[in-house]
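Peer 1: Pasting a structure below so you can have a look.
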Amino acid sequence: MSASILDGKALAADIRRRLTETVARRVEAGLRPPSLRVILVGDDPASAIYVRNKEKAAAKVGITGDVESLAADSSAEELRQRVEAANADPGVDGLLVQLPLPEQIDPAQVRSWIDPEKDVDGLHPENVGLLASGEPRFVPCTPAGCLALLQANGIEVSGRRVLIIGRSLIVGRPLANLLSMKGVDATVTIYHSRSRDLERLGPQAEIIVAAAGQAEFLRAEHVAEGAVVVDVGIHRVDDPAAPKGYRLTGDVHPEVREKASWISPVPGGVGPMTIAMLLKNTVDAHGRRMGVDGDG
Ligand code: NDP
59 MSASILDGKA LAADIRRRLT ETVARRVEAG LRPPSLRVIL VGDDPASAIY VRNKEKAAAK
119 VGITGDVESL AADSSAEELR QRVEAANADP GVDGLLVQLP LPEQIDPAQV RSWIDPEKDV
179 DGLHPENVGL LASGEPRFVP CTPAGCLALL QANGIEVSGR RVLIIGRSLI VGRPLANLLS
239 MKGVDATVTI YHSRSRDLER LGPQAEIIVA AAGQAEFLRA EHVAEGAVVV DVGIHRVDDP
299 AAPKGYRLTG DVHPEVREKA SWISPVPGGV GPMTIAMLLK NTVDAHGRRM GVDGDG
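Those letters in the sequence shown? Residues 59 to 354, by the numbering used here.
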């Protein structure tokens, strides 16, 4: 039997629709619209595409966005000044610095410069700590998107065995904190590059989240019959049969579809959810700054 699809594209569209209504209501009430500033350092083509997609998605829900571009050879000090200017700007609700950064700039330092109240990526140490202590302010966008995708499809997480493959700061670790939080209540195992025995641990899991950044590495033998599989990975692989000569794929091998009960596709699964959660975090930041709650 083929797995049902965790349709991130449709759910993200739904979330964007609700956010559009929230923004319109606030503007009607006389507030300025939410705003998102993105700082892009260098000319990495993939980063430029990600930033453009974020900008477009923000504009569609009524968030005003602007992108500040810095040259690839910018110093850490130049970037710090831009971050501090955005921190001090009362017209900026959400601020993010697009990754990866050129090698002369330490991303850990940059994360700590961003005003934690504007940190819509949820990567400032204060926000990491708040999530770890079970009282999140901003949940990083990809983990938030994974949980929303499960919940919206009625998939019970509480009490279930979840295997998270990957322990990065942006995906694996915050997802483990989120899923093991009181009220979410999953039983979480983190698997990483020094872990062993995926053949044993994989089939014990009721839910697997694959975020190792390795194309199609999760195989049917790693997955129990009927498990739920969330595929975070995104890779462009050569495919002479495809019209463009390549196709997009995830961390999960296509054969897993025949074994899982639910699976998120690539593209159209976690990717659109990540952007939707960035918009949600920005609207939430605006709401807090303007003193209006939730959907208000
Ligand atoms: P990182 O490279 O930062 O982290 C990968 C993690 O996987 C590390 O913890 C690493 O272990 C672990 N790992 C690597 N190889 C293996 C292996 N063979 N077995 C077990 N664990 C392994 O990646 P990210 O977390 O940033 O991203 C992961 C994937 O998700 C990428 O494909 C990325 O493109 C995609 N992504 C997709 C997003 C979306 O919106 N759809 C958003 C963010 C990422 P160790 O810590 O030991 O090195």
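We treat Cβ as the ideally placed atom computed from N, Cα and C, and that holds for glycine.
1. For Y108 and C204, I'd like the C-alpha separation in whole angstroms.
2. Counting Cβ pairs closer than 8 Å, one from the region 175-190 and one from the region 318-331, do we hit at least three?
3. With the cut-off set at 8 Å, would you say V328 and V295 are in Cβ contact?
4. Taking 8 Å as the limit between beta carbons, can you name the residues of its chain near E313, skipping five residues before and five after?
5. With a threshold of 8 Å, are at least 3 pairs of Cβ atoms found where one atom belongs to the region 227-234 and the other to the region 246-265?
6. Should the region 167-184 be called in touch with the region 194-202, which here means at least 3 C-beta pairs below 8 Å?
7. Just tell me which of R95, A144, V310 and A130 has its CA closest to the CA of E161.
8. Can at least three beta-carbon pairs, one atom from the region 296-306 and one from the region 125-143, be found at a separation below 8 Å?
9. What's the call for M59, buried or exposed, on a 16-neighbour Cβ count within 10 Å?
10. Please determine whether the Cβ atom of F275 lies at a distance below 7 Å from any heavy atom of ligand 1.
11. Run through the DSSP bridge pairs and tell me what L153 is partnered with.
12. Looking only at C-alpha atoms, which of T122, P261, A166 and L159 sits nearest to V150?
13. How about S216 and V242: do their beta carbons lie closer than 8 Å?
14. Between the region 77-85 and the region 97-116, do at least 3 Cβ pairs fall closer than 8 Å?
15. Confirm the yes/no value for this check: CB of H293, any heavy atom of ligand 1, distance under 7 Å.
16. So, helix, strand or coil for D131, using DSSP?
17. Would the beta-carbon of R258 be found less than 7 Å away from any heavy atom of ligand 1?
18. Taking the beta strand (DSSP E) that H293 falls in, what are its first and last residues?
19. Counting only the same chain and skipping the five closest in sequence on each side, list residues whose C-beta sits under 8 Å from that of R218.
20. At a cut of 8 Å, does the region 92-105 reach the region 339-347 through at least three beta carbon pairs?
21. Tell me whether D64 sits in a helix, a strand or coil according to DSSP, three-state version.
22. Is G123 helix, strand or coil by DSSP?
23. Per DSSP, R305 forms a beta bridge with which residues?
24. Excluding the 5 residues preceding and the 5 following D297 in the sequence, name in chain order all residues of the same chain whose CB lies nearer than 8 Å to its CB.
25. DSSP three-state label for V246, please.
26. Is the beta carbon of I222 less than 8 Å from the beta carbon of V267?
Peer 2: Let's see:
1. 19 Å
2. The answer is no - the region 318-331 does not touch the region 175-190, with fewer than three Cβ pairs under 8 Å.
3. no
4. Counting only Cβ-Cβ distances below 8 Å, and skipping sequence neighbours, we find R277 and A278.
5. yes
6. yes
7. A130
8. no
9. exposed
10. yes
11. R95 and D177
12. Closest in alpha carbon position to V150, among T122, P261, A166 and L159, is T122.
13. yes
14. Note that the region 77-85 does not touch the region 97-116; fewer than 3 beta-carbon pairs, one per stretch, sit closer than 8 Å.
15. Yes, ligand 1 has a heavy atom inside 7 Å of this Cβ.
16. Coil.
17. no
18. H293 to D296
19. Excluding sequence neighbours, R218 sits near A244, T245, E264 and I265.
20. yes
21. Correcting the residue identity first, residue 64 is Leu in this sequence and not Asp. Note: L64 maps to coil in three-state DSSP.
22. strand
23. V295
24. G303, Y304 and R305
25. It is a strand residue.
26. Yes, they are a contact pair.
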